[in-house]
Structures are given as structure tokens and as C-alpha cells.
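In this note's numbering, the protein residues as written are 21 to 146.
For glycine and all other residues, C-beta sits at the position ideal for the given N, C-alpha and C.
Here the structure is a predicted model, which means the values were calculated and not measured.
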Amino acid sequence: MVVLIRIFIIALVIYLFYAGIRYLTDAKRKLDEAYEKEQYYFYDDVKNIRKNFFITYKGAMFEGEKYLGTTTDSFDVVSIFIWVKNEAKLQGMTKEDFHFLESEVRTNYPHAEINWKNPIEQLMKS
Numbered sequence: 021m022v023v024l025i026r027i028f029i030i031a032l033v034i035y036l037f038y039a040g041i042r043y044l045t046d047a048k049r050k051l052d053e054a055y056e057k058e059q060y061y062f063y064d065d066v067k068n069i070r071k072n073f074f075i076t077y078k079g080a081m082f083e084g085e086k087y088l089g090t091t092t093d094s095f096d097v098v099s100i101f102i103w104v105k106n107e108a109k110l111q112g113m114t115k116e117d118f119h120f121l122e123s124e125v126r127t128n129y130p131h132a133e134i135n136w137k138n139p140i141e142q143l144m145k146s
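What follows is the structure, encoded as C-alpha cells:
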């Protein structure tokens with residue numbers, strides 16, 4: 021009986037350690053934390069084309085949708101649409117901020133054409 025209790029306690033400690041490590045390294049938690057602190061964070065599963073990516077920057081949360089297509093020699097992400105979750109959070113952002121976001125997206129998807137949805141699209145065209 022004592023041996024079973026010791027094994028149970030050891031298993032519980034191992035599980036708690038594992039759960040703590042998983043919590044600390046969870047990318048979604050890091051995204052939420054960066055959003056609350058109004059910091060930059062890029063959350064994406066590059067290997068899964070069907071999953072949208074998220075960017076938090078200066079208190080605004082952006083979501084990007086990826087589309088697969090053909091390049092000259094392979095299949096790759098060729099089109100990306102990005103929109104903001106809450107337009108009120110765009111206050112104070114400039115074209116330079118959106119150019120920075122585009123450059124960050126291009127590091128992962130160099131062949132993609134990036135399109136912004138309104139109202140950012142209007143700002144980028146002017």
C-alpha cells in the first residue's frame with residue numbers, strides 16, 4: 021500500500037511538472053500576454069495552411085488568412101488577407117506600422133501578395 025502511494029505521488033509530481041512546462045511554452049498564451057501588454061507577437065503554424073495566423077502589435081489584434089497557389093517552381097502561399105479584430109485599436113497607427121507588419125509576414129511567406137481589408141486598405145493606397 022505504501023509503495024502505491026509513493027508511485028502515485030511521483031506520477032503526480034511528474035505530471036504537474038509536465039503541465040507547467042506545457043503552460044509556459046504555449047504559443048496561444050504568449051499571444052494573449054503580448055496582446056494585454058500591447059507588444060508585438062506573431063502566432064502562426066507555418067506547416068498548416070488552413071490555420072489563420074495572428075499578430076498583435078501596439079494593442080491591436082490582426083488575423084491573416086493564407087491561400088495556397090503555384091509559384092514558378094512549387095506550391096506555396098501566394099495570397100494573404102489581413103484584417104484587424106477591433107478597428108478602434110488602430111488609432112495612432114501609421115503606414116510605417118503596417119509596412120513593418122508586412123515585412124514580418126514576408127519573412128515567413130516571401131512569395132505572398134499581402135492584401136489588407138478596410139479601413140487599412142484605404143490608408144495603404146493613399
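Alpha carbons only, please: which of the options is nearest the one belonging to residue i?
{"i": "Lys-78", "options": "Gly-89, Ala-39, Thr-45, Phe-120", "result": "Phe-120"}
{"i": "Lys-105", "options": "Asp-117, Ile-134, Tyr-63, Gly-84", "result": "Gly-84"}
{"i": "Ile-69", "options": "Gly-112, Met-81, Ser-99, Ala-80", "result": "Ser-99"}
{"i": "Val-66", "options": "Ala-54, Leu-88, Trp-136", "result": "Leu-88"}
{"i": "Met-144", "options": "Arg-126, Tyr-55, Glu-122, Ala-132", "result": "Glu-122"}
Using 10 angstroms around the beta-carbon of residue i, count the other beta-carbons present and answer buried if the total reaches 16, otherwise exposed.
{"i": "Tyr-129", "result": "buried"}
{"i": "Ala-108", "result": "exposed"}
{"i": "Phe-28", "result": "exposed"}
{"i": "Tyr-43", "result": "exposed"}
{"i": "Tyr-55", "result": "buried"}
In angstroms, rounded to a whole number, what distance separates the CA positions of residue i and residue j?
{"i": "Trp-103", "j": "Asn-138", "result": "8 Å"}
{"i": "Gln-59", "j": "Leu-51", "result": "9 Å"}
{"i": "Glu-141", "j": "Ala-31", "result": "54 Å"}
{"i": "Ile-134", "j": "Phe-101", "result": "6 Å"}
{"i": "Asp-46", "j": "Phe-74", "result": "14 Å"}
{"i": "Lys-71", "j": "Asp-64", "result": "8 Å"}
{"i": "Lys-86", "j": "Leu-36", "result": "37 Å"}
{"i": "Val-23", "j": "Ile-34", "result": "17 Å"}
{"i": "Val-97", "j": "Phe-82", "result": "18 Å"}
{"i": "Met-113", "j": "Glu-53", "result": "20 Å"}
{"i": "Arg-49", "j": "Thr-76", "result": "12 Å"}
{"i": "Asp-117", "j": "Ile-25", "result": "57 Å"}
Using DSSP bridges, identify the partner residues of residue i.
{"i": "Met-20", "result": "Lying outside 21 to 146, the shown extent of the chain, residue 20 is not represented and no answer is given."}
{"i": "Val-97", "result": "Leu-88"}
{"i": "Tyr-43", "result": "In DSSP, Tyr-43 forms no bridge with anything."}
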